[in-house]
Structure formats: C-alpha cells, structure tokens
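Colleague: Numbers given in my numbering equal positions in the sequence shown, counted from 1, plus 190.
First, the structure itself, so that you have it in front of you.
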Amino acid sequence: MATTHSIGMNGVALDNSALSWNIQQGYGTDGVGYTGTLNGDYKGTYGEVTAGYGYDKHSERLSYGLQGGGSSRMLMA
191 MATTHSIGMN GVALDNSALS WNIQQGYGTD GVGYTGTLNG DYKGTYGEVT
241 AGYGYDKHSE RLSYGLQGGG SSRMLMA
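Structure, rendered in structure tokens:
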C-alpha cells in the first residue's frame, strides 16, 4: 500500500500583498520519492512577474512569466 506525506507553507508580503509565495514538499512510497515546488508572484504597478521551480524523481522544472504594459507575455523554460 502506498503512503504519501506532504507539507506546505505560503504567505504574502509588502503593501497590498504584492508579493506572494508558496512552497510544498512531499514524499511517497512505492517508487514516488520526493517531490517539491516553490512558486512566487510579484504584482507591481506596471506588471506582474511569476517564477516557479518544481522537482520529482524524474525531472526538475523551471518556469517564469512576465506580464505588463499594453501586452502580455508568458515565457516557459
């Protein structure tokens, strides 16, 4: 029988909660292993910046995004 455990935290900071973040860590038996994510988001006067990192047994992922001005652009790496 598979067993999983997880824990996480999140929060906000700065005026009007402009900065937010979230972190999660998990572990699963039966070949799942460790997993985790870390995400952040900043909403400023002229736009928004997001960034994230995640990993598991098989891979690591990095993502980021920019939005602002008259156009929006989401970038993924």
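The C-beta atom is built at its ideal place from N, Cα and C for all residues, glycine as well.
Tell me the DSSP bridge mates of D231?
Modeller: Counting from one through the sequence shown, the residue named residue 231 turns up at place 41. S210 and T240.
Colleague: Give me, in chain order, the residues of the same chain whose beta-carbon lies closer than 6 Å to that of K233; leave out the 5 immediate sequence neighbours on both sides.
Modeller: Your numbering for residue 233 matches position 43 in the sequence shown. A208.
Colleague: Measure the alpha-carbon distance for V239 versus G230 and round it to whole angstroms.
Modeller: On the sequence shown, position 49 is the one that residue 239 refers to. On the sequence shown, position 40 is the one that residue 230 refers to. About 8 Å.
Colleague: Name the residue from E250, G244, T235 and R251 whose alpha carbon lies nearest to the alpha carbon of N206.
Modeller: Within the sequence shown, numbered from 1, the residue matching residue 206 stands at position 16. Ranking the options by Cα distance to N206, first place goes to T235.
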